[in-house]
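To start, the structure under review is shown below, and the notes come after it.
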Amino acid sequence: MSKHHARGLYFEEFEVSQVYVSAARTITESDIVAFAGLSGDYNQIHTDAEFCKTTPFGQRIAHGLLVTSIASGLVALSGLIEGTVIAFREIESWKFTKPVFIGDTVHVQSEIIKTKALKRLGGGAVDLELSVLNQNDEVVMKGVWKVLIVSKPEEE
1336 MSKHHARGLY FEEFEVSQVY VSAARTITES DIVAFAGLSG DYNQIHTDAE
1386 FCKTTPFGQR IAHGLLVTSI ASGLVALSGL IEGTVIAFRE IESWKFTKPV
1436 FIGDTVHVQS EIIKTKALKR LGGGAVDLEL SVLNQNDEVV MKGVWKVLIV
1486 SKPEEE
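Numbered according to our numbering, the sequence shown spans residues 1336 to 1491.
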């Protein structure tokens, strides 16, 4: 019988002030088109290049929720919570601080700001202060994500 070996950290391995940096990913026109189709958000600010020339941004911008979703994927790909996350519990005070354009490359910096054991769930809550940064290290969005993480299994 094979045992499950998690790649991510167990609840007890998270410590306040730890910082993790994800890999980076470039936002493409295909990402925006696919997200518009998936979400139904065809707002001109995302999909109409000619219209966007008349806006303060001068070009199409990525959906904020698209970039939030990509940030979630980058955190997952980092392995930090792979196989140990119980649930994504909450997004707190999420702010969109700068536009993300086609061709921008983003990465995520996560800092552990709080942990709380929840024995009844077999793990605990971990609060991650996330910053999504572009290729110029400018914060494009930030906030706190709360996740539930499983405890380390007892040795047999």
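By construction, the Cβ of each residue, glycine as well, lies at the ideal position given by its N, Cα and C atoms.
field: Three-state secondary structure assigned by DSSP to F1436
entry: Indexing the sequence shown from 1 puts residue 1436 at position 101. Assignment of F1436 by DSSP, reduced to helix, strand and coil, places it in the strand class.
- prompt: Would I1405 be called buried (16 or more neighbouring beta carbons within 10 Å of its own) or exposed?
  reply: Position 70 of the sequence shown holds residue 1405. That one is buried.
query: How do the region 1437 to 1452 and the region 1344 to 1359 stand: do at least 3 beta-carbon pairs fall below 8 Å, yes or no?
result: Enough Cβ pairs lie closer than 8 Å, so yes.
message: Between I1421, I1396, M1476, which has its C-alpha nearest W1429's C-alpha?
response: Locating residue 1429 in the sequence shown gives position 94, counting from the first residue. Residue M1476 is the option with its Cα nearest to W1429.
query: Where does the unbroken beta strand (DSSP E) through D1462 begin, and where does it stop?
result: Counted from its first residue, the sequence shown places residue 1462 at position 127. Membership of D1462 in the beta strand (DSSP E) is indicated by the continuous run 1458 to 1468.
- prompt: Helix, strand or coil for Q1379 per DSSP?
  reply: As a first step, residue 1379 must be located in the sequence shown, where it is residue number 44. Three-state result, Q1379: helix.
- prompt: Among V1485, F1349, G1343, which residue has its Cα nearest to the Cα of A1422?
  reply: Walking along the sequence shown from the start, residue 1422 turns up at place 87. Among V1485, F1349, G1343, the Cα nearest to that of A1422 is on V1485.
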